[in-house]
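Chemist: Take a look at this one; I'll ask things after.
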Amino acid sequence: MERTVTVEPEAGLHARPASKLVQTANRFDADVSIGRADDGDGGLVRADSMLSVSGLNVGHGESVCVVAEGPDAEAALDAVCDLLTSPVEEADESGTDGGDAEDAP
Numbered sequence: 000m001e002r003t004v005t006v007e008p009e010a011g012l013h014a015r016p017a018s019k020l021v022q023t024a025n026r027f028d029a030d031v032s033i034g035r036a037d038d039g040d041g042g043l044v045r046a047d048s049m050l051s052v053s054g055l056n057v058g059h060g061e062s063v064c065v066v067a068e069g070p071d072a073e074a075a076l077d078a079v080c081d082l083l084t085s086p087v088e089e090a091d092e093s094g095t096d097g098g099d100a101e102d103a104p
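Here numbering that gives the first Met the number 0 is used: position 34 in the sequence shown is 33, and no number is missing along the way.
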């Protein structure tokens, strides 16, 4: 299964968004790959590797191709693409986002 989507997080696929993508891909019994849409199949990397995903250097508004194969391919593809097309990153779940704006002087 394959789908092309536009990356919506402002940070693109760097740091936290890349980490969330890797965590999401690893939840499924599927081989998930991702690459720049304009690179074709030759530019695909494994979505379960933080180094590979962040190394794509994909920014906000760029298109990526997501490919999933295996028993959970459809669910994995849906989850990864939902993450990539969410315009707002979720708040830092660890509570270490630098503090509350209300606490600022």
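Cβ coordinates follow ideal geometry from the N, Cα and C atoms, glycine included.
All of these numbers come straight from a predicted model, not from anything done at the bench.
1. Under three-state DSSP, which class holds E73?
2. Name, in chain order, the residues that DSSP records as bridge partners for C64.
3. Are P70 and E7 close, meaning C-beta to C-beta below 8 angstroms?
4. Alpha carbons only, please: which of G11, V66, T5 is nearest the one belonging to G54?
5. Terminal residues of the continuous alpha helix (DSSP H) containing P16?
6. With distances taken between CB atoms, is the gap from E1 to H59 smaller than 8 angstroms?
Modeler: In short:
1. helix
2. T3, G34
3. no
4. G11
5. 14-25
6. no
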